[in-house]
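**Student:** Encoded as structure tokens, here's the structure I'll be asking about.
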Amino acid sequence: MVNKMSQLRAHFVQTRRDAWVEINLGNIEHNIKVLKSYISPDSKFLAVVKADAYGHGSTMVTPTLLASGVDMLGVASIDEGLQLREAGIDAPILVLGAAPGWSIVSAVEYDIQLSIFTNEHITACINAYNKLGKKPIVHIKVDTGMHRIGISYDHAVKFIREVAQIESIQLEGVFTHLACAENIRITEQQKANWESVINNISDLDLTIHAVNTAGMIGYNHMHYDLVRSGIGIYGLTPDLPECINDLPDLKQVMGLKGRIAHIQDLPRNTGISYGYSYVTSSENTKVATIPIGYADGVPRSLSNRIYGLINGKRVRQVGNITMDQMMFDISNVDNINIGDTITLLGSDGDEFIPIDFWAKMLNTINYEITCRLKVRLPRVYTRDN
Numbered sequence: 150m151v152n153k154m155s156q157l158r159a160h161f162v163q164t165r166r167d168a169w170v171e172i173n174l175g176n177i178e179h180n181i182k183v184l185k186s187y188i189s190p191d192s193k194f195l196a197v198v199k200a201d202a203y204g205h206g207s208t209m210v211t212p213t214l215l216a217s218g219v220d221m222l223g224v225a226s227i228d229e230g231l232q233l234r235e236a237g238i239d240a241p242i243l244v245l246g247a248a249p250g251w252s253i254v255s256a257v258e259y260d261i262q263l264s265i266f267t268n269e270h271i272t273a274c275i276n277a278y279n280k281l282g283k284k285p286i287v288h289i290k291v292d293t294g295m296h297r298i299g300i301s302y303d304h305a306v307k308f309i310r311e312v313a314q315i316e317s318i319q320l321e322g323v324f325t326h327l328a329c330a331e332n333i334r335i336t337e338q339q340k341a342n343w344e345s346v347i348n349n350i351s352d353l354d355l356t357i358h359a360v361n362t363a364g365m366i367g368y369n370h371m372h373y374d375l376v377r378s379g380i381g382i383y384g385l386t387p388d389l390p391e392c393i394n395d396l397p398d399l400k401q402v403m404g405l406k407g408r409i410a411h412i413q414d415l416p417r418n419t420g421i422s423y424g425y426s427y428v429t430s431s432e433n434t435k436v437a438t439i440p441i442g443y444a445d446g447v448p449r450s451l452s453n454r455i456y457g458l459i460n461g462k463r464v465r466q467v468g469n470i471t472m473d474q475m476m477f478d479i480s481n482v483d484n485i486n487i488g489d490t491i492t493l494l495g496s497d498g499d500e501f502i503p504i505d506f507w508a509k510m511l512n513t514i515n516y517e518i519t520c521r522l523k524v525r526l527p528r529v530y531t532r533d534n
């Protein structure tokens, strides 16, 4: 595992581009400690690292997660689980999404646990056992109100008991997912649906789990045997019930930075970038260009709406964001040179740009912003500020 992780680190560090996503592993350690303070010592902790750990780099952040006391990892697909195995990660992994039957053999071969909820899944698991002589480890997904995947709660007990009787399948757990954790009424209805299932299978000694980050913070009576946290690990807060007054002290893990590639002085009435959506208004405007654009995941719709930080001061982004570059008015900051860093997300001095700033401007969620920042932006990993 050590050699594989060293190779991965070398791959991620080697870059010839003056733009990068910065990941603070120390903040991940802090966030795990904060989140674990919400749960009892008897509840296990599953860290969700799907979508490349929400854009943070799953193979690179997982060792820190495990060293911080995480018990299990959650992914969206078998491929994501295999990527972790290939990186030398041997912790328990659960595929939270629906795996196609033809791919289940690969999961079983590499000790990746599966979510199942159909008769077709059962058949595929039995076939995998017959081929490998190895029992698939499964968790049954129950739909209590999300209406995405899972067996409906009113049919779940019968299905769970049928799977429990199959010798060639190891039934490890049952779980559901909260649709509107910010809404107490809807969540309590889901809880009632859920407990109509688990109260009728208590003799099976299964791992029961239901809550995500929002549920972990807002519904301590629903922690059961295991909690699942994704966005909170990365220092971002999901929508929470209005009754939660004290937000957890989470620290944003991701930053976005680029070095200045070009500086120019432009006179009044000079248009900048495609379409001249911004025209200079002062006698002399100093404009800096950095190599980050919408191909890197920065939405073009943020053009002329965001700011960056340089030497602890705010500088306005000007002109339409292009595919690979964007421009900033740096007239208010002295002694700026090519190669100096502009921060688009994260900290510089006493200033801080939260990911939620972009999310609110785009009428979306913080999850989407971190997942948008493309892999062509190298990830640089630190443990300090």
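Heads up: the sequence shown is residues 150 to 534, going by the working numbering. Ideal Cβ positions, reconstructed from N, Cα and C, are used throughout, including at glycine.
Between Asp414 and the rest of its own chain, which residues show a CB-CB distance below 6 angstroms, the 5 nearest in sequence each way excluded?
**Tutor:** Cβ within range, chain order: Asn433 and Lys435.
**Student:** Report buried or exposed for Leu245, applying the criterion of at least 16 other Cβ atoms within 10 angstroms of its Cβ.
**Tutor:** Buried, because 16 or more other Cβ atoms sit within 10 Å of the Cβ of Leu245.
**Student:** Measure from the alpha carbon of Glu269 to the alpha carbon of each residue in Pro249, Ser255, Ile286 and Val287, then state which is nearest.
**Tutor:** Taking only the C-alpha atoms, the option nearest Glu269 is Pro249.
**Student:** Assuming Leu203 is part of the alpha helix (DSSP H), what are its boundary residues?
**Tutor:** Here the sequence assigns Tyr to residue 203, which means Leu is not the residue at that position. Here the alpha helix (DSSP H) through Tyr203 covers Lys199 to Gly204.
**Student:** Is Arg528 helix, strand or coil when you go by DSSP?
**Tutor:** DSSP places Arg528 in strand when its eight states are reduced to three.
**Student:** Does the separation of the CB atoms of Val312 and Ile188 fall below 8 angstroms?
**Tutor:** No; because the gap between Cβ atoms is not below 8 angstroms, this pair is not in contact.
**Student:** Among the residues of its own chain, which have a CB less than 7 angstroms from the CB of Ile227, if the five just before and after it don't count?
**Tutor:** Result list for Ile227: Val244, Ala248, Ser252, Ser255, Ala256 and Ile261, in chain order.
**Student:** Alpha carbons only, please: which of Ile412, Phe194 and Cys392 is nearest the one belonging to Ile242?
**Tutor:** Comparing Cα-Cα distances from Ile242 to each of Ile412, Phe194 and Cys392, the minimum goes to Phe194.
**Student:** What residues match up with Met476 in a beta bridge as DSSP calls it?
**Tutor:** Answer is Thr438 and Val467.
**Student:** Out of Ile286, Ser301, Lys284 and Pro285, which one is the CA nearest neighbour of Asp292?
**Tutor:** Taking only the C-alpha atoms, the option nearest Asp292 is Ser301.
**Student:** Out of Asn361, Lys182 and Gly420, which has the shortest C-alpha to C-alpha gap to Pro387?
**Tutor:** Minimum Cα distance to Pro387 is reached at Asn361.
**Student:** From what residue to what residue does the beta strand (DSSP E) around Pro416 run?
**Tutor:** Taken as a continuous stretch (DSSP letters only), the beta strand (DSSP E) holding Pro416 covers His411 to Pro416.
**Student:** Is the segment 168-182 touching the segment 212-224, taking contact as three or more C-beta pairs under 8 angstroms?
**Tutor:** Yes, the segment 168-182 touches the segment 212-224.
**Student:** Rank Lys340, Ala359, Ile275 and Leu458 by C-alpha distance to the C-alpha of Ile318 and give the top, closest one.
**Tutor:** The shortest C-alpha separation from Ile318 is found at Ile275.
**Student:** At the level of alpha carbons, what is the spacing between Asn453 and Asn348?
**Tutor:** Whole-angstrom Cα-Cα distance: 55 angstroms.
**Student:** Does DSSP put Ala159 in a helix, in a strand, or in coil?
**Tutor:** Since pLDDT at Ala159 reaches only 47, below the 50 mark, its modelled position is unreliable, and no value is offered.
**Student:** How would you label Ala341, buried or exposed, when you count the other beta carbons within 10 angstroms and need 16 or more for buried?
**Tutor:** By the 10 Å Cβ count, Ala341 comes out exposed.
**Student:** Is Ile300 helix, strand or coil when you go by DSSP?
**Tutor:** DSSP places Ile300 in strand when its eight states are reduced to three.
**Student:** In the structure shown, what three-state DSSP assignment does Gly446 receive?
**Tutor:** Three-state DSSP puts Gly446 in coil, outside helix and strand.
**Student:** Counting only the same chain and skipping the five closest in sequence on each side, list residues whose C-beta sits under 6 angstroms from that of Val235.
**Tutor:** For the record, residue 235 in the displayed sequence is Glu; it is not Val. The answer is none, since no qualifying residue turns up.
**Student:** For Thr419 and Thr531, I'd like the C-alpha separation in whole angstroms.
**Tutor:** C-alpha separation (whole angstroms): 40 angstroms.
**Student:** According to DSSP, is Leu281 helix, strand or coil?
**Tutor:** Helix at Leu281.
**Student:** Which residue's Cα is closest to the Cα of Leu522: Ile485, Ile514, Val447 and Phe501?
**Tutor:** Nearest option by C-alpha distance: Val447.
**Student:** For Gly282, which option in Ile298, His288 and Glu258 has the closest C-alpha, if you only look at C-alpha atoms?
**Tutor:** Out of Ile298, His288 and Glu258, Glu258 has the C-alpha closest to the C-alpha of Gly282.
**Student:** Between which two residues does the beta strand (DSSP E) harbouring Tyr456 extend?
**Tutor:** Counting along the chain, the beta strand (DSSP E) containing Tyr456 begins and ends at Tyr456 to Ile459.
**Student:** To which residues of the same chain is Leu157 closer than 7 angstroms at the C-beta, ignoring the five residues directly before and after it?
**Tutor:** Legend: pLDDT at Leu157 = 48, less than 50; position of this residue unreliable, no value from coordinates given.
**Student:** Could you please give me the residues that DSSP links to Met221 through a beta bridge?
**Tutor:** Per DSSP, Leu195.
**Student:** Rounded to whole angstroms, what is the Cα-Cα separation between His370 and Gly364?
**Tutor:** Taking the straight line joining both Cα atoms gives about 9 angstroms.
**Student:** If we count the other Cβ atoms within 10 Å of its Cβ and call it buried at 16 or more, is Met472 buried or exposed?
**Tutor:** Exposed, by the Cβ-count rule.
**Student:** Out of Tyr368, Leu233 and Thr490, point me to the one whose CA is closest to Asn332's CA.
**Tutor:** That would be Tyr368, whose Cα lies nearest to the Cα of Asn332.
**Student:** Note down the Cα distance separating Arg166 from Leu385, rounded to an integer number of angstroms.
**Tutor:** Approximately 27 angstroms, taken between the alpha carbons.
**Student:** Quick test of your reading: Ile315 and Ile382, contact by CB under 8 angstroms. State the CB separation rounded to the nearest angstrom.
**Tutor:** Not really, about 34 angstroms apart at Cβ, beyond 8 angstroms.
**Student:** Spatial neighbours of Tyr516 within its chain, please: CB distance less than 7 angstroms, with the 5 preceding and 5 following residues excluded, ordered by chain position.
**Tutor:** Excluding residues within five positions, the ones whose Cβ falls inside 7 angstroms are Tyr203 and Ile380.
**Student:** Assuming Ile502 contacts Leu494 (C-beta within less than 8 angstroms), just tell me the rounded distance between them.
**Tutor:** Indeed, because the Cβ distance is near 5 angstroms, the residues count as touching under 8 angstroms.
**Student:** Leu458 and Lys492 - do their beta-carbons sit closer together than 8 angstroms?
**Tutor:** Residue 492 is actually Thr in this sequence, not Lys. Closer than 8 angstroms, so yes.
**Student:** With C-beta atoms as the reference, is Asp499 less than 8 angstroms away from Gly461?
**Tutor:** In contact: Asp499 and Gly461 (Cβ atoms closer than 8 angstroms).
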